[in-house]
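Asks: One line per chain: the protein sequences are A and B, in this order.
Positions 1 to 128 (the working numbering) are the ones given, in order, by the first sequence.
Positions 1001 to 1128 (the working numbering) are the ones given, in order, by the second sequence.
2 protein chains.
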Amino acid sequence: MNISDVARETGLPAKTIRYYEEINLIKPLRDTNGYRLFRVSDVHKLAFLGRARALGFSIEDCRRLLALYEDQDRASADVKQLAEEHLAQIDEKIAQLRSMQETLRHLVRECAGDSRPDCPILRDLANG
Amino acid sequence: MNISDVARETGLPAKTIRYYEEINLIKPLRDTNGYRLFRVSDVHKLAFLGRARALGFSIEDCRRLLALYEDQDRASADVKQLAEEHLAQIDEKIAQLRSMQETLRHLVRECAGDSRPDCPILRDLANG
DNA sequence: CTTGACCTTCCGGTAGCTGGAAGGACCATC
DNA sequence: GATGGTCCTTCCAGCTACCGGAAGGTCAAG
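#1: Going by alpha carbons, who is nearest to residue 1122 (chain B) out of A:89, A:69, A:24, A:18?
#2: Could you give the uninterrupted runs of the alpha helix (DSSP H) lying entirely in the segment 1032-1102 of chain B, keeping only those of 4 residues or more?
#3: In terms of alpha-carbon separation, which member of A:52, A:114, A:120 lies closest to residue 106 (chain A)?
#4: Could you tell me the distance, in whole angstroms, from the CA atom of residue 1050 (chain B) to the CA atom of residue 1038 (chain B)?
#5: For residue 1030 (chain B), which residues of its own chain have a beta-carbon under 8 Å away from its beta-carbon, when the five flanking residues on both sides are left out?
#6: In its own chain, which residues sit with a C-beta less than 7 Å from the C-beta of residue 1045 (chain B), not counting the 5 before and 5 after it?
#7: Where residue 14 (chain A) and residue 21 (chain A) are concerned, what is the direct C-alpha to C-alpha distance, given to the nearest angstrom?
#8: Residue 72 (chain A): buried (16+ other C-beta within 10 angstroms of its C-beta) or exposed?
#9: With a cut-off of 8 Å on the beta carbons, I'd call residue 93 (chain A) and residue 1097 (chain B) a contact; round off their distance for me.
#10: How would you list, in chain order, the residues of chain B whose beta-carbon sits under 8 Å from the beta-carbon of residue 85 (chain A)?
#11: In three-state DSSP terms, what is residue 1104 (chain B)?
#12: Does chain B have any CB closer than 8 Å to the CB of residue 61 (chain A)?
#13: With a cut-off of 8 Å, does the C-beta of residue 1027 (chain B) fall near any C-beta of chain A?
#14: Measuring CA to CA, which of A:91, A:43, A:84, A:115 is closest to residue 61 (chain A)?
#15: What residues from chain B crowd round residue 129 (chain A), counting only those whose CB sits closer than 7 Å?
#16: Verify the CB distance criterion: does residue 1020 (chain B) have a CB-CB separation below 8 Å to chain A?
#17: Where do the ends of the alpha helix (DSSP H) carrying residue 1125 (chain B) lie?
#18: Pull out every residue of the segment 97-113 of chain A whose Cβ sits closer than 8 Å to any Cβ of chain B, in chain order.
#19: Express the C-alpha separation of residue 1019 (chain B) and residue 1078 (chain B) in angstroms, rounding to a whole number.
#20: Just how far apart, CA to CA, sit residue 48 (chain A) and residue 95 (chain A)?
#21: I want to verify the contact list: residues of chain B whose CB lies under 7 Å from the CB of residue 17 (chain A), in sequence order.
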């Protein structure tokens, strides 16, 4: 399979697939003309990566997950730990965003949003 | 005031303050020895920027907010629109993260997390 | 006069790609 | 076999919002 077929099948941009090869997440073969030649296993890995990325795992986490996926002797505890740490980061990120959200909602609600210069949002930013 | 004083007062790293000058968010004076010389107005702007950044506004949004802040003839509607658009982005981001969070929570809950290789997390990543 | 704490600029790196240029390859058609 | 359009390749630059560190100037104290 050529890269555009793989892109279509996995939903990943060709650029991203090349990038994943560059950072050694996948190692597709090469055809005689220099074109990348993807095996079914490469496509599987890419789909795996796409889903892991969609769950917000970093590239390095993805690398570890892929290694665990390929290791028949893995302990599910290792996978779980990775996932739990990532989940904790997501929790934290959500908490941060919610705090911003709440503050902003307040400010937006109090702002007249008309043609006059007086603005509680700017007042808050200016004076803390 | 020198940069380290300003850093202490605003809570921003000196590196960040220099960066903000580089991208023309602030224009501190220069002392004869080449040191940056910050006026009170510079410190105010930096504090403003720090709070806007803490609310998640992008640098370009901060630039616009600062311009509005300085424009005595602004319309609060312009500020409000900026804030509302940003708020919408935050809402979206939170929704995305919550979706990841939910999926991950499910998977983590179902994973034994022991020494055996069988793992629902990897199964999900592998098969969608 | 030296020491140490400042300050300066410049360069490189981070994450995870994306866009674009320059050039080769392939396929169908005339 | 020339042409055109669509693939493919590599390489280079840029995005966000900085951070780290090196090399070197400045300043105040002892």
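Note that the Cβ used here is the ideal one computed from N, Cα and C, for glycine as well.
Replies: For this structure:
#1: Taking the second sequence and counting its residues from 1, the one referred to as residue 1122 (chain B) is at position 122. Comparing Cα-Cα distances from residue 1122 (chain B) to each of A:89, A:69, A:24, A:18, the minimum goes to A:69.
#2: 1040-1054, 1059-1070
#3: Position 106 of the first sequence, counting from 1, holds the residue named residue 106 (chain A). Of the candidates A:52, A:114, A:120, the one whose C-alpha sits nearest the C-alpha of residue 106 (chain A) is A:120.
#4: Taking the first residue of the second sequence as 1, we reach residue 1050 (chain B) at position 50. Taking the first residue of the second sequence as 1, we reach residue 1038 (chain B) at position 38. Whole-angstrom Cα-Cα distance: 16 Å.
#5: In the second sequence, residue 1030 (chain B) corresponds to position 30, counting from 1. 1036, 1037.
#6: The residue labelled residue 1045 (chain B) in the question sits at position 45 within the second sequence. So the qualifying residues of the chain are 1026, 1066.
#7: Against the first sequence, residue 14 (chain A) aligns to sequence position 14. Against the first sequence, residue 21 (chain A) aligns to sequence position 21. Spanning the two alpha carbons is a distance of roughly 11 Å.
#8: For the purposes of this step, residue 72 (chain A) is identified with residue 72 of the first sequence, where counting begins at 1. It counts as exposed.
#9: By one-based count along the first sequence, residue 93 (chain A) stands at place 93. By one-based count along the second sequence, residue 1097 (chain B) stands at place 97. Yes, residue 93 (chain A) and residue 1097 (chain B) are in contact; Cβ-Cβ is about 6 Å, under 8 Å.
#10: Taking the first residue of the first sequence as position 1, residue 85 (chain A) is located at position 85. Simply none; closest approach about 10 Å.
#11: Numbered from 1 along the second sequence, position 104 holds the residue referred to as residue 1104 (chain B). Looking at residue 1104 (chain B) - three-state DSSP - the assignment turns out to be helix.
#12: If you number the first sequence from 1, residue 61 (chain A) lands on position 61. With 8 Å as the cut-off, residue 61 (chain A) does not count as an interface residue toward chain B.
#13: Position 27 of the second sequence, counted from the start, is the residue given in the question as residue 1027 (chain B). Residue 1027 (chain B) does not count as touching chain A.
#14: Mapped onto the first sequence, residue 61 (chain A) falls at position 61. When only C-alpha atoms are compared, the closest one is A:84.
#15: Beyond the ends of chain A as shown, which are 1 and 128, falls residue 129 (chain A); an answer cannot be given.
#16: On the second sequence, position 20 is the one that residue 1020 (chain B) refers to. No, no contact with chain A.
#17: Position 125 of the second sequence holds residue 1125 (chain B). 1120-1127 is the span of the alpha helix (DSSP H), which, as asked, contains residue 1125 (chain B).
#18: 97, 98, 100, 101, 103, 104, 105, 107, 108, 111, 112, 113
#19: For the purposes of this step, residue 1078 (chain B) is taken as residue 78 along the second sequence, with counting starting at 1. For the purposes of this step, residue 1019 (chain B) is taken as residue 19 along the second sequence, with counting starting at 1. Those two C-alpha atoms are separated by around 27 Å.
#20: Position 48 of the first sequence holds residue 48 (chain A). Position 95 of the first sequence holds residue 95 (chain A). Taking the straight line joining both Cα atoms gives about 28 Å.
#21: Here residue 17 (chain A) is taken as the residue at index 17 of the first sequence, counted from 1. Chain B residues near residue 17 (chain A): none, gap ~17 Å exceeds 7 Å.
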